[in-house]
Amino acid sequence: MRWTCCAVRESLRAAVFAGAALVLVVLIVALGWAYPPRASVIATDRLGPDANEPIADYLARAKLSLSGTDSDDHWALASFTTGITPDRIPDHTDGLRIAQVLHHVPLDRVLTPVLTFPVPAGDQAAIATASSAAATLDHTPPLDDRAARIAKVSATRLRSGCPCTIALILRGRLNQLRALSSHNDIRSIEALPADAGIFAVTPLLPEYTDRAAPGPDDGPIPEN
Numbered sequence: 169m170r171w172t173c174c175a176v177r178e179s180l181r182a183a184v185f186a187g188a189a190l191v192l193v194v195l196i197v198a199l200g201w202a203y204p205p206r207a208s209v210i211a212t213d214r215l216g217p218d219a220n221e222p223i224a225d226y227l228a229r230a231k232l233s234l235s236g237t238d239s240d241d242h243w244a245l246a247s248f249t250t251g252i253t254p255d256r257i258p259d260h261t262d263g264l265r266i267a268q269v270l271h272h273v274p275l276d277r278v279l280t281p282v283l284t285f286p287v288p289a290g291d292q293a294a295i296a297t298a299s300s301a302a303a304t305l306d307h308t309p310p311l312d313d314r315a316a317r318i319a320k321v322s323a324t325r326l327r328s329g330c331p332c333t334i335a336l337i338l339r340g341r342l343n344q345l346r347a348l349s350s351h352n353d354i355r356s357i358e359a360l361p362a363d364a365g366i367f368a369v370t371p372l373l374p375e376y377t378d379r380a381a382p383g384p385d386d387g388p389i390p391e392n
């Protein structure tokens, strides 16, 4: 009987942790409706442009980050010129380890959240994050009616395989990252120092052409 009680207690504890994890994911996505893209965690090291940074300055800074000669592995943010479909992710990695995939559904004059998903090793896991992003939006309590309609159209487009993958967090050597940066569709690659551990990520959205700043949020929301 003691063993049974302990087993029940452990099951309840696991359920609580699982529920808390789900609430955390939902909270992060919900906050994305109200605030523009920002660093994903608080850390000293960071990838991506600073708030309101001129894009030309960021691109130059990202290029400079690849200029080292060491042979260590580095974390890096690979940003696409325009969003790509999830099935094309493997074409833009040169076999490097994918750690995170960033999705963003662009809507004209409408702010939409950036959805970031960590992935295990393997291309199929990275491709599947688009479906995971859609499911997350389906289960995120909206802040208001406008947010609900944005979530609905974003989830529909992600589920249909839209070109909404905007960036990848990769792990590779500097010479590999330099070679990858010359590929078509890759706007920039920024690498951290080899000894970087925990780091923040602020996405370089394709629509950022002048400065890293959110656009207007007064446009109509399409039905699908």
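Numbering (our numbering), first residue to last: 169 to 392. Glycine included, C-beta positions come from ideal geometry on N, C-alpha and C.
Min CB distance residue i to chain D below 8 Å
| i | result |
| --- | --- |
| A293 | Absent from the structure is chain D; it holds one protein chain and no more. |
Beta-carbon proximity of residue i to residue j, cut-off 8 Å
| i | j | result |
| --- | --- | --- |
| R339 | L264 | yes |
| L227 | L342 | no |
| R355 | F248 | yes |
| S300 | F285 | yes |
| A335 | A246 | yes |
| A362 | D240 | yes |
| P384 | R277 | yes |
| A347 | D238 | no |
For residue i, the residue or residues it bridges with in DSSP
| i | result |
| --- | --- |
| I252 | T333 |
8 Å CB neighbourhood of residue i in its chain, flanking five on each side removed
| i | result |
| --- | --- |
| P390 | L275 and V321 |
| R177 | Annotation note: pLDDT 36 at R177 (below 50); position unreliable, coordinate value reported separately. Around R177: no qualifying Cβ. |
| Y376 | P217 and I223 |
| I257 | I266, V269, D291, A294, I295, T333 and L336 |
| V197 | The pLDDT assigned to V197 is 43, lower than 50, so where the model puts this residue is not dependable, and the model offers no usable value. |
| T250 | P331, D353 and P374 |
| G387 | L275, D276, R277 and V278 |
| E221 | R379 and A380 |
| R314 | I389 |
Sequence-distant residues of the same chain with beta carbon closer than 6 Å to residue i, five excluded per side
| i | result |
| --- | --- |
| A359 | S233, L234, H242, A244 and L345 |
| L305 | A319, S322 and A323 |
| G236 | L342 |
| P349 | Per the sequence shown, the amino acid found at residue 349 is Ser instead of Pro. The answer, listed in chain order, is I357. |
| T253 | G329 and P331 |
| I210 | Caution applies to I210, whose pLDDT of 47 falls short of 50 and renders its modelled position unreliable; the value that the coordinates give is listed next. For I210, where only same-chain residues beyond five positions count, there are no Cβ hits under 6 Å. |
Presumed contact (8 Å Cβ cut-off) between residue i and residue j, rounded CB distance
| i | j | result |
| --- | --- | --- |
| V273 | L326 | 6 Å |
| P374 | V282 | Wrong, their Cβ atoms sit about 11 Å apart, outside the cutoff. |
| D259 | I295 | That pair is no contact at about 11 Å. |
| P310 | A316 | 4 Å |
| A230 | I357 | 6 Å |
Sequence-distant residues of the same chain with beta carbon closer than 7 Å to residue i, five excluded per side
| i | result |
| --- | --- |
| V184 | Summary for V184: the model assigns pLDDT 34, below 50, so the residue's position carries little reliability; its value from the coordinates is reported in the next sentence. Excluding residues within five positions, none has a Cβ falling inside 7 Å. |
| A364 | D213 and W243 |
| H351 | H260 |
| A289 | R265 |
**OP:** Any chance you could list the beta strand (DSSP E) runs of at least 3 consecutive residues sitting entirely within the region 328-382, in chain order?
**Re:** Runs of the beta strand (DSSP E) lying entirely within the region 328-382, each at least 3 residues long, are 333-341, 354-359 and 367-369 in chain order.
**OP:** For the region 212-289, list the alpha helix (DSSP H) runs that are entirely contained and at least 4 residues long, ordered along the chain.
**Re:** Listed in chain order, the complete alpha helix (DSSP H) runs (minimum 4 residues) inside the region 212-289 are 223-232.
**OP:** Report the residue ranges of all alpha helix (DSSP H) runs contained in full by the region 297-321; include only those spanning at least 4 residues, in chain order.
**Re:** Within the region 297-321, the complete alpha helix (DSSP H) runs of at least 4 residues are 297-306.
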